[in-house]
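*Asks:* The structure's right below; bear with me while I get my questions together.
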């Protein structure tokens, strides 16, 4: 098993009237983008604040790049980039001055070049000399992302990074996250917008009321949930396809024009077998896909929605 | 890392310059220039002024300069630092800075020296003008050096206090309320300049002393209370030095607290041993200052030329105020205790007591009793009863306050502060109001404040036994509160299980 860049073990955080995070264990390896999913109040932000040391843990351990939070907080800080769910900026500084502040704090080499790179990466090159107070919420969000990327941390914690972004910004964020994934960073990202996460998350952790409901790769989770909604389309309608589907292990079969929607309870192999059956029975399949989004399905099927 | 490379200092400098420094600098320059012009006008035509000598004129104008300088640097600087920190904490920038690899000392220095830059510039202009006034007024240069050192050290001391307050306050305006309250509380102590420690912490005595020391200017008699060197247990100390030592020693505690809280926001600003040490230093210095009045023979022999009989009761009142500030700071939040209990697994009540403010109240009383004894050392056989009342009053007050505070926090949670204030009002202030309403002074003696203050203020009172009874009654309240307090903690421990 590879050495995880982020390892959380039995993390517990107590608030006066509630256990905000309860016995949370998860790992994020290099090159993994892990989606932290859960309804409001599930404990996502508290988890991220606890990992970064901003929230006191009752018990449990957090390791970033092999450095324990409790005993080596200074080493941990160098490996970690945390982007909170709001945009803390110095309103009276320009974008480049804001980044310069953090570049100096992290002692980033070739400061000016790196600042330009990060501004370029977050599509803020034109706003270099604009005051932070003049930036829109989305731009501030991108600036804070640039600040998080500035010291090139190994582990990134991104709390709702897409919440203030316009559609173009979200597409760019997805590109940046894919680049980070390719660069071997470990990213823990929380979001309510599951379709956004689906594009780049290869693992997911679903939380509810402070507890981890499920955690694993997207494929593993799909199998674990054992049920997915499928959409199938065919070119000729001779009733054969519907007959095969009725005979297979499907639920809620809904016939459509030259196609059907159904829920499937079996695992991936069983689903492959069903497709094989349809093809061997000469059904001319033009489309075969899971509807909606995998993460969305996983989330909905996990039952973690009581607080939504 | 040099200060000029400190990113927080650089950012604070940028923010200060962006919002403009020219106007405040010009205001300072205009004030300075007006005062300087006044002196020059006097020197050109002395008969048009009521000053007796250039020195007197110089002192007057320089006095105004340093008055404005103190206002700008100490009060303005304090307010700016605490406000900046409170605002940046609210905006999340404090957290962002704490997550960088910057050392806590760098973060603290960045805010401490960076955020009041505008005030520093203004003070520098005023100090420069002050130097010209001192030279033109033919005053000794030591006056300028001494006063400027005192103003700078005071600004740094209060700046550090502002850092700590900004790190703990919820509201940005809280800092200015704190310093205004401090200055208002200090006002009465001006009546006994040489004997009250706040006149050295906010170095009014040192500054007045320097003025009086810089040559007779004709109208200094009214300020004779400010002349001469203060004594600590009979040992004369140069007042400027005493102010610097006090500010430095207490500054160390403030620095340690600020660093500790920056490194780990869940650490208390003051450890228990630090609280005890701070209390002991304060009290020892305070009793050292008044020692020359009785020289260990309270109340039988007053060695001071002016009768300062009420001084010890004022110190007693100050001791109570200082102790309750410390107890409030140290008293653990129930949630912190619950988490600690869950972490350690030790759910016995015995684990609560050593960490609570109640045990600290006992230690503070022991320290206070020990230091207070210095005033009775040579007259104890005659005045043990007064001593007993004073110490008993301190013990009952400290215990009632800490039990009440923790009980209210456990019982009323967010509404605790209101209930603490209510009960303190009932126990401390209401008896005086009722005494006034019913024109019966005896009711006023029931106040928690009264027994010690009355006994020390009027040690020859024949009704000392009554005061002992009142102290005993106060211990009855302690017992009742202790039972309720213990029950609340036990409920919390049960929850933690």
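Residue numbers (my numbering), protein chains in the order written: chain H, 76 to 383; chain B, 13 to 509. Each residue gets a CB set at the ideal place from its N, CA and C atoms; glycine is no exception.
With respect to the alpha helix (DSSP H) encompassing residue 326/B, which residues constitute its N-terminal and C-terminal limits?
*Replies:* Translated into positions along the second chain, residue 326/B becomes position 314. Taken as a continuous stretch (DSSP letters only), the alpha helix (DSSP H) holding residue 326/B covers 323-342.
*Asks:* Can you give the beta carbon distance from residue 230/H to residue 137/H, rounded, assuming they're within the 8 Å contact cut?
*Replies:* To locate residue 230/H, count along the first chain from 1; it is residue 155. To locate residue 137/H, count along the first chain from 1; it is residue 62. Wrong, their Cβ atoms sit about 10 Å apart, outside the cutoff.
*Asks:* Just to confirm the assignment: which complete beta strand (DSSP E) runs, minimum length 3, are found wholly within the stretch 404-460 of chain B?
*Replies:* Counting only runs of 3 or more, we get nothing.
*Asks:* Taking the runs of the alpha helix (DSSP H) that are 4 residues or longer, which of them lie wholly in the stretch 53-141 of chain B?
*Replies:* Complete alpha helix (DSSP H) runs here, min 4: 66-82, 89-103, 105-110 and 116-126.
*Asks:* Can you have a look at residue 502/B and say buried or exposed, based on whether 16 or more other CB atoms are within 10 angstroms of its CB?
*Replies:* For this step, residue 502/B is matched to residue 490 along the second chain. It counts as exposed.
*Asks:* Does residue 64/B pass the burial test, meaning 16 or more other C-beta atoms within 10 Å, or should it be called exposed?
*Replies:* In the second chain, counting from the first residue as 1, residue 64/B sits at position 52. That one is exposed.
*Asks:* At what residue ranges does the stretch 186-259 of chain H contain a whole run of the beta strand (DSSP E), taking only runs of 3 or more?
*Replies:* Fully enclosed beta strand (DSSP E) runs of 3 or longer: 230-234.
*Asks:* Could you tell me the boundaries of the alpha helix (DSSP H) in which residue 306/B lies?
*Replies:* If you number the second chain from 1, residue 306/B lands on position 294. It spans 284-306 - the alpha helix (DSSP H) in which residue 306/B sits, taken as one unbroken run.
*Asks:* Just the chain B side, please: which residues come within less than 9 Å of residue 388/H by C-beta, in chain order?
*Replies:* Residue coverage of chain H in this structure runs from 76 to 383, which leaves residue 388/H outside it and unanswerable.
*Asks:* Exposed or buried, residue 457/B, counting other C-beta atoms within 10 Å across all chains shown (16 or more means buried)?
*Replies:* For the purposes of this step, residue 457/B is taken as residue 445 along the second chain, with counting starting at 1. Residue 457/B comes out buried.
*Asks:* So with CB distances below 8 Å, who are the chain H contacts of residue 225/B?
*Replies:* Residue 225/B sits at position 213 when you count from the first residue of the second chain. Those do not exist, as residue 225/B stays about 45 Å from chain H at its closest Cβ, beyond 8 Å.
*Asks:* For residue 100/H, decide whether its Cβ has a neighbour in chain B, counting only Cβ atoms nearer than 8 Å.
*Replies:* Here residue 100/H is taken as the residue at index 25 of the first chain, counted from 1. Taking Cβ atoms only, chain B never reaches closer than 8 Å to residue 100/H, which makes this a no.
*Asks:* Along the stretch 146-168 of chain H, what residues have a CB closer than 7 Å to any CB found in chain B?
*Replies:* The stretch 146-168 of chain H vs chain B, Cβ under 7 Å: 149, 152, 153, 157, 159, 161, 163, 165, 167 and 168.
*Asks:* So, with DSSP's three-state summary, where would you put residue 14/B?
*Replies:* Within the second chain, residue 14/B is the residue found at index 2, counting from 1. Here residue 14/B sits in coil by DSSP.
*Asks:* Is the shortest distance between the beta-carbon of residue 89/H and the beta-carbons of chain B less than 8 Å?
*Replies:* Against the first chain, residue 89/H aligns to sequence position 14. For residue 89/H, the answer is yes, since a Cβ of chain B falls inside 8 Å of its Cβ.
*Asks:* How should residue 182/B be labelled, buried or exposed, when 16 other C-beta atoms within 10 angstroms of its C-beta is the threshold for buried?
*Replies:* Position 170 of the second chain, counting from 1, holds the residue named residue 182/B. By the neighbour-count rule (16 or more Cβ atoms within 10 Å), residue 182/B is not buried but exposed.
*Asks:* Rounded to whole angstroms, what is the Cα-Cα separation between residue 39/B and residue 31/B?
*Replies:* Residue 39/B sits at position 27 when you count from the first residue of the second chain. Residue 31/B sits at position 19 when you count from the first residue of the second chain. Rounded to the nearest angstrom, the two C-alpha atoms are 15 Å apart.
*Asks:* Buried or exposed for residue 89/H, going by 16 or more other Cβ atoms inside 10 Å?
*Replies:* For the purposes of this step, residue 89/H is identified with residue 14 of the first chain, where counting begins at 1. Residue 89/H should be labelled buried.
*Asks:* Counting only runs of 4+ residues fully inside the stretch 284-332 of chain H, write out the alpha helix (DSSP H) ranges in chain order.
*Replies:* Runs of the alpha helix (DSSP H) inside the stretch 284-332 of chain H: 293-300 and 315-322.
*Asks:* Check for me: the beta strand (DSSP E) holding residue 85/H runs from which residue to which?
*Replies:* Walking along the first chain from the start, residue 85/H turns up at place 10. First-last of the beta strand (DSSP E) with residue 85/H: 81-90.
*Asks:* At a Cβ threshold of 8 Å, is residue 353/B touching chain D?
*Replies:* Here the protein chains are H and B, and chain D is not one of them.
*Asks:* For residue 16/B, is the classification buried or exposed, using 16 other Cβ atoms within 10 angstroms of its Cβ as the cut-off for buried?
*Replies:* Residue 16/B sits at position 4 when you count from the first residue of the second chain. Residue 16/B should be labelled exposed.
*Asks:* Provide the residue(s) that pair with residue 337/H in DSSP beta bridges, ordered along the chain.
*Replies:* The sequence position of residue 337/H within the first chain is 262, counting from 1. Looking at the DSSP assignment, residue 337/H forms a beta bridge with 305/H.
*Asks:* Leaving out five residues on either side along the sequence, give the residues of the same chain with a beta carbon under 6 Å from the beta carbon of residue 377/B.
*Replies:* Counting from one through the second chain, the residue named residue 377/B turns up at place 365. If we look at residue 377/B and ignore the five residues flanking it on each side, its Cβ neighbours are 406, 407 and 410.
*Asks:* Inspect the beta-carbon positions of residue 101/B and residue 36/B and report whether they are closer than 8 Å.
*Replies:* Translated into positions along the second chain, residue 101/B becomes position 89. Translated into positions along the second chain, residue 36/B becomes position 24. The answer is no: Cβ separation not under 8 Å.
*Asks:* Run through DSSP, which three-state label would residue 132/H get?
*Replies:* Within the first chain, numbered from 1, the residue matching residue 132/H stands at position 57. In this structure, residue 132/H counts as coil in the three-state DSSP scheme.
*Asks:* Can you give the beta carbon distance from residue 390/H to residue 122/H, rounded, assuming they're within the 8 Å contact cut?
*Replies:* Any answer about residue 390/H is impossible in this case: the structure gives chain H only from 76 up to 383.
*Asks:* Does residue 431/B get closer than 8 Å to chain H when you measure Cβ to Cβ?
*Replies:* In the second chain, the residue the question calls residue 431/B occupies position 419. Judged by the 8 Å Cβ criterion, residue 431/B is not in contact with chain H.
*Asks:* Residues bridged to residue 462/B by DSSP?
*Replies:* Sequence index remark: in the second chain, residue 462/B carries index 450 (1-based). Answer is none; residue 462/B lacks a bridge partner.
*Asks:* Note down, in chain order, every chain H residue with its Cβ under 7 Å from the Cβ of residue 150/B.
*Replies:* Here the question's residue 150/B lines up with position 138 in the second chain. Result: empty, since nearest Cβ-Cβ is about 46 Å, beyond 7 Å.
*Asks:* According to DSSP, simplified to helix, strand and coil, what is residue 383/H?
*Replies:* Within the first chain, residue 383/H is the residue found at index 308, counting from 1. Note that residue 383/H scores 37 on pLDDT, short of 50, meaning its location in the model is unreliable and no value can be drawn from it.
*Asks:* List, in order along the chain, the chain B residues whose C-beta lies closer than 7 Å to that of residue 129/H?
*Replies:* As a working mapping, residue 129/H is identified with position 54 in the first chain. Those within 7 Å of residue 129/H in chain B are 107.
*Asks:* How is residue 507/B classed by DSSP in three states: helix, strand or coil?
*Replies:* In the second chain, the residue the question calls residue 507/B occupies position 495. Correct three-state label for residue 507/B: helix.
*Asks:* From the DSSP output, in three-state form, read off residue 150/H for me.
*Replies:* By one-based count along the first chain, residue 150/H stands at place 75. Of the three classes helix, strand and coil, the one that applies to residue 150/H here is helix, per DSSP.
*Asks:* Indicate the three-state DSSP secondary structure (helix, strand or coil) for residue 261/H in the structure shown.
*Replies:* The residue given as residue 261/H occupies position 186 in the first chain. Strand, per DSSP.
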